[in-house]
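Under my numbering, read the sequence shown as residues 44 to 545, first letter to last.
Beta carbons: idealized from backbone N, C-alpha and C, even for Gly.
These numbers come from a predicted model, not from an experiment.
This report concerns only the one structure given below.
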Amino acid sequence: MERHAKYPLSLTNSLSGHKEVFVPINTGHVGMYVCGPTVYNDVHLGNVRTFLCFDIISRYLRYQGYKVRYVRNITDVGHLENDADEGEDKIAKKARLEELEPMEVVKHYTDGFHTVLNQFNILPPSIEPSATGHIVEQIELTKRLIDAGLAYETNGSVYFDVLAYNEKHHYGILSGRVVEELMESGRQLDSQDEKRNKVDFALWKKASPYHIMRWPSPWGEGFPGWHLECTVMSTKYLGETFDIHGGGMDLKFPHHECEIAQAVGANGKTPVNYWIHSNMLTVNGQKMSKSLGNSFLPSELISGNHPLLQKGYSPMTIRFFMLQSHYSSTLDFSNEALQAAEKGFRKLANALTIIKKLTHPGGTAENDEVNKNFNQLIDDLHLEMSDDFNTAKTLAVLFEMSARINDLKSGNLAFNKVGEVEFNQFKASYIAFMEDVLGLKEEQEQNHELLHGVIQVLIDLRKKARQDKNFALSDKIRDDLKRIGVQLKDGKEGEIEFSIES
Ligand SMILES: [Zn+2]
44 MERHAKYPLS LTNSLSGHKE VFVPINTGHV GMYVCGPTVY NDVHLGNVRT
94 FLCFDIISRY LRYQGYKVRY VRNITDVGHL ENDADEGEDK IAKKARLEEL
144 EPMEVVKHYT DGFHTVLNQF NILPPSIEPS ATGHIVEQIE LTKRLIDAGL
194 AYETNGSVYF DVLAYNEKHH YGILSGRVVE ELMESGRQLD SQDEKRNKVD
244 FALWKKASPY HIMRWPSPWG EGFPGWHLEC TVMSTKYLGE TFDIHGGGMD
294 LKFPHHECEI AQAVGANGKT PVNYWIHSNM LTVNGQKMSK SLGNSFLPSE
344 LISGNHPLLQ KGYSPMTIRF FMLQSHYSST LDFSNEALQA AEKGFRKLAN
394 ALTIIKKLTH PGGTAENDEV NKNFNQLIDD LHLEMSDDFN TAKTLAVLFE
444 MSARINDLKS GNLAFNKVGE VEFNQFKASY IAFMEDVLGL KEEQEQNHEL
494 LHGVIQVLID LRKKARQDKN FALSDKIRDD LKRIGVQLKD GKEGEIEFSI
544 ES
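Next up, the structure:
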């Protein structure tokens, strides 16, 4: 039996606001689309959290036995400043400021995005399409919406007619926004005179004479609106209705609401069965934002090079830290919480190293209680993850398992108390949940840090021996270290430095 049948998955659907049992459209297959980054600046930590959340989801779906097609796009055109229909294209602006071709900006930040995600062991999607690679399809979709009477052209730009759509369908179905209220609120924008209604949004924008990123269209030279690409690429690779659509909570409105309207308007079908939104980051209880000066880049969090950080943390510590919160809750950064995460991760990683080396001597269990407990822990891992991908509770189960692992190693728990079969399942589950499901791997740096700590202890002992005029001992420490490749050198002001032969 596949794992997804044994441990049915339930997830919180943003569309209904309820936890629902997950039933894919095609048995054994899952199609998932996640809105990717707009590649005009360095990836921020909020992005890392969002993509980590969907990394976990795709990893667990695969572990459950589903064949997953995971599509995550690259937005390389059409995303205007302030997420609006007016203003400069984010990428074109960066290109102008840095005197680069827009595609140089796109390449640079796409590479950076991949490097950072790779550092955090976030696996690549199955398909990573870009908006500029799908201009033809975006023009086609715009034409279909015009033909359906749901879009209109004004002065070379095309807008989606929200009021016309809302007569037959429900604009606000995902975000809970009410069209009438939206009509009354909000700022008056420059393009207002081009739009029939204030709530309408751009499908295609006319390019001004100095706009670099432009393509020919039936309405003259221009570029696509931001919401259009996701409808086009998700439908192209996953079909008119697919299983899961994800993204950060800030994309729910207007971006995802507009995606639904475009798809329903063009195809007459609900595009997505389950919407999943990941929550935001806070720092010491405050929203993380550039303007508040409390946002740090992933590289700053790793190096510790930021006024708010006491030290740096390894990518796996940060990954572990993020998994301690449920994806739908806010996640708060503080030095204390990060330091606690460092200890916590080390504990689980040590147990991982230990259990890989442990083997059962063979035979069945002599203690039914212990055996039951081992089976229960294996079950709990699956049940917690199947309950809306609850990584926090899954980690709690792994901690309990790590205690058993340490007991087995120390001899506090005799191997014959548990059966060989149960032990092997326990071992396989611990390794699979750490490495495959949660993507937590043993880190070199961790051992490195430990090694440096141990050498420092020996250096201090040697110093003490010299002060006590115990030269026999101080020489022995130096010579023994040298034999295993650690060279001690007398540095300035009596400090002792060391180097390790590799
Ligand atoms: Zn999107």
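Cβ-Cβ distance between residue i and residue j below 8 Å
i	j	result
residue 148	residue 253	no
residue 431	residue 55	yes
residue 426	residue 477	no
residue 92	residue 324	yes
residue 461	residue 417	yes
residue 155	residue 85	yes
residue 268	residue 248	yes
residue 466	residue 498	no
residue 335	residue 434	no
residue 391	residue 445	yes
residue 300	residue 239	no
residue 57	residue 320	yes
residue 199	residue 262	yes
residue 394	residue 106	no
residue 341	residue 159	yes
residue 289	residue 65	no
residue 421	residue 469	yes
residue 304	residue 214	yes
residue 327	residue 286	no
residue 89	residue 291	yes
residue 164	residue 389	no
The beta strand (DSSP E) enclosing residue i, as first and last residue numbers
i	result
residue 75	72 to 77
residue 253	That residue, residue 253, is in no beta strand (DSSP E); it is neither H nor E in DSSP.
residue 111	110 to 115
residue 175	Looking at the DSSP string, residue 175 is not in any beta strand (DSSP E), and its letter there is neither H nor E.
residue 530	529 to 533
residue 289	285 to 291
residue 194	194 to 197
residue 483	From DSSP, residue 483 is part of no beta strand (DSSP E); its letter is neither H nor E.
residue 202	200 to 203
Supposed contact pair residue j and residue i - C-beta distance, whole angstroms, cut 8 Å
i	j	result
residue 244	residue 256	Actually they are not in contact, since the Cβ atoms of residue 244 and residue 256 sit about 19 Å apart, beyond 8 Å.
residue 352	residue 364	In fact, because the Cβ distance is near 13 Å, the residues do not count as touching under 8 Å.
residue 264	residue 250	5 Å
residue 52	residue 429	5 Å
Burial state of residue i, where buried means 16 or more other Cβ atoms lie within 10 Å
i	result
residue 407	exposed
residue 543	exposed
residue 345	buried
residue 504	exposed
residue 560	Because the chain is modelled from 44 through 545, residue 560 falls outside the range shown and cannot be assessed.
residue 384	buried
residue 277	buried
residue 42	Beyond the ends of the chain as shown, which are 44 and 545, falls residue 42; an answer cannot be given.
residue 80	buried
residue 302	buried
residue 111	buried
residue 179	exposed
residue 122	buried
residue 372	exposed
residue 396	exposed
residue 161	exposed
residue 237	buried
First through last residue of the alpha helix (DSSP H) which encompasses residue i
i	result
residue 26	Residue 26 is absent from the model: the chain starts at 44 and stops at 545.
residue 267	It is not in any alpha helix (DSSP H) - residue 267 instead sits in the beta strand (DSSP E) that spans 265 to 267.
residue 375	Residue 375 -> not in any alpha helix (DSSP H); beta strand (DSSP E) instead, spanning 374 to 376.
Beta carbon proximity, residue i to chain C, threshold 8 Å
i	result
residue 508	The question asks about chain C, but that chain is absent: this structure has only one protein chain.
Query - contact_flag[the segment 106 to 126, the segment 158 to 178] where n(CB pairs < 8 Å) is 3 or more - result: Taking 8 Å as the limit for Cβ pairs, the verdict is that the segment 158 to 178 does touch the segment 106 to 126.
**Report entry** Closer than 5 Å to ligand 2: residues, by C-beta to nearest heavy atom, in chain order
**Finding:** As presented, the structure is devoid of ligand 2, carrying ligand 1 as its sole ligands.
Requested in this report: Answer yes if the segment 446 to 458 comes into contact with the segment 390 to 405, meaning at least three C-beta pairs across the two stretches below 8 Å, and no otherwise.
Outcome: yes
Query raised in the report: With contact counted as at least three CB pairs below 8 Å, one residue from each stretch, are the segment 300 to 313 and the segment 186 to 193 in contact?
Result: yes
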